[in-house]
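Asks: Mind looking over this structure? Questions follow.
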Amino acid sequence: MTKSNRKPFVLANWKINLDPEEINPYLDQVLPAVADEEAVTVGIAAQDLYLGQLVARTKGSQLKIAAENTHWMDRGAFTGETSPRALAKVGVTYVLIGHFERRSFFNETDETVNLKVKAALRNGLLPIVDLDEDLSAYHGQVPEDVVLKQLAAALDGVVGTDLARVTIAYEPTWAIGSGEAASPEQAEEAAALIRQSVQNLYGPDIAANVRILYGGSVTPENGTDFLSQADIDGILVGKAALTPASFLALVAAAKAATAS
Ligand code: PGA
5 MTKSNRKPFV LANWKINLDP EEINPYLDQV LPAVADEEAV TVGIAAQDLY
55 LGQLVARTKG SQLKIAAENT HWMDRGAFTG ETSPRALAKV GVTYVLIGHF
105 ERRSFFNETD ETVNLKVKAA LRNGLLPIVD LDEDLSAYHG QVPEDVVLKQ
155 LAAALDGVVG TDLARVTIAY EPTWAIGSGE AASPEQAEEA AALIRQSVQN
205 LYGPDIAANV RILYGGSVTP ENGTDFLSQA DIDGILVGKA ALTPASFLAL
255 VAAAKAATAS
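Residue numbers for the sequence shown, in our numbering: 5 to 264.
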């Protein structure tokens, strides 16, 4: 299998940015451009409060909505959490799991990431598993052991047939929101290692099909450099996705990459 078997994925991560009144104007610009997009998977991850509105407005379109987190229990006494069952029932498609900001500010561990990945799959959500580097990792080198340990832990107990529903995102912590992206070569090195590790765990066919994204200070200026790498199948975009024009420029870059 070659890269052409893997549809490129461009995911906006709004985090807790954008005010409620900014949502419709954003969609007014983005939706017409991507509503029928078949060549690229386009998604927006947003805070829970906005998900219902986003699902309603994007219904019937190719624009997919993602949650930024989930609890691992389907129901119960977990005040303030959001259940994966509820996310699926309101029409959310993807869920980001283990983002660096969750791991570092909200004590997300490899164990809770794993519980959440399994909860997402159990409920029919498509998990995007975020792998990052420890902050103390040497800047400029792919910290193989940190990332691969997170990968194995996140997928513990996940069967091979479920891997077709999993996306993996590699985001060096020092690149997130810093304006200093990894070099495309560094990102490719990490993505190739991750793919090799998936192969070790699940075999070559599954590894050849799993989508691996790069995230961390992606911009319209550097997006193509990442998207053209052999093992990078998409981009996870924070700041640059807050403006419809730059988000759409990255979607266009992903589409162009499929043609090359
Ligand atoms: P950034 O965020 O593009 O602003 O670096 C990426 C992310 O946090 O996923």
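Even for Gly, the Cβ is constructed at its ideal location relative to N, Cα and C. This one's a predicted model, so the numbers in the text were calculated from it and none came from an experiment.
#1: Since Asp136 and Phe104 are thought to touch, with beta carbons under 8 Å apart, how far apart are those beta carbons, to the nearest angstrom?
#2: Considering only residues of the same chain and omitting the five flanking positions on each side of Trp76, which have a CB-CB separation below 8 Å?
#3: How big is the Cα-Cα spacing for Ala16 and Ala92?
#4: If we call anything under 8 Å between Cβ atoms a contact, is Leu55 one with Val99?
#5: For Asp237, does the count of other Cβ atoms within 10 angstroms reach 16, so buried, or fall short, so exposed?
#6: Where in the stretch 79-130 do unbroken runs of the beta strand (DSSP E), each at least 3 residues long, occur, reported from the N-terminal end onward?
#7: Mapping DSSP to helix, strand and coil, what is Ala1?
#8: Following a CB-centred definition, is Lys243 positioned closer than 7 Å to any heavy atom of the ligand PGA?
#9: Assuming Leu152 and Ser201 are in contact, meaning their beta carbons sit under 8 Å apart, how far apart are those beta carbons, in whole angstroms?
#10: What distance in whole Å lies between the Cβ atoms of Ile69 and Leu97, which are believed to be in contact at a cut-off of 8 Å?
#11: Flag Ile101 as yes if its beta-carbon sits less than 8 Å from any beta-carbon of chain C, otherwise no.
#12: On a CA-only basis, which of Asp235, Ala185 and Ala186 is nearest Ala261? Give me that one, please.
#13: Tell me which residues share the same chain as Leu139 and place their Cβ nearer than 6 Å to its Cβ, disregarding the 5 neighbours each side in the sequence.
#14: Determine the direct distance from the alpha carbon of Ala263 to that of Ala71, and round the result to whole angstroms.
#15: Pick from Val38, Leu125, Pro224 and Leu217: whose alpha carbon is nearest that of Ala168?
#16: If we ignore side chains and look at the alpha-carbon of each, how far apart do Leu193 and Ala81 end up?
#17: Identify the residues that DSSP records as bridge partners of Tyr174: which are they?
#18: Determine the DSSP secondary structure at Ala234, reduced to helix, strand or coil.
#19: Reducing DSSP to helix, strand and coil, say where Leu254 ends up.
#20: Return the chain-ordered ranges of every beta strand (DSSP E) run that is complete within the stretch 35-83 and spans a minimum of 3 residues.
#21: What's the gap between the Cα of Met5 and the Cα of Ser232?
#22: Would you say the beta carbon of Leu240 is closer than 7 Å to some non-hydrogen atom of the ligand PGA?
Replies: The short version:
#1: Sure, about 4 Å apart at Cβ, within 8 Å.
#2: Pro88, Thr116, Leu119, Lys120, Lys122 and Ala123
#3: 19 Å
#4: no
#5: buried
#6: 98-101
#7: Any question about residue 1 goes unanswered here, given that the chain covers just 5 to 264.
#8: yes
#9: 5 Å
#10: According to the sequence shown, residue 97 is Thr rather than Leu. Confirmed, about 6 Å.
#11: This model lacks chain C altogether, as it is built from one protein chain only.
#12: Nearest in C-alpha terms to Ala261, of all of Asp235, Ala185 and Ala186, is Asp235.
#13: At Leu139 the pLDDT is 44, less than 50, meaning the model places this residue with poor confidence and gives no usable figure here.
#14: 30 Å
#15: Leu125
#16: Just to set this straight, residue 193 is Glu in the shown sequence, not Leu. Near 43 Å, if we compare the C-alpha coordinates of Ala81 and Glu193.
#17: According to DSSP, which records beta bridges pairwise, Tyr174 is partnered with Leu135 and Tyr218.
#18: coil
#19: helix
#20: 45-50 and 67-71
#21: Below a pLDDT of 50, predicted positions are generally treated as unreliable, and Met5, at 47, falls in that range; the measurement from the model is reported next regardless. Answer to the nearest angstrom: the Cα atoms are 17 Å apart.
#22: yes
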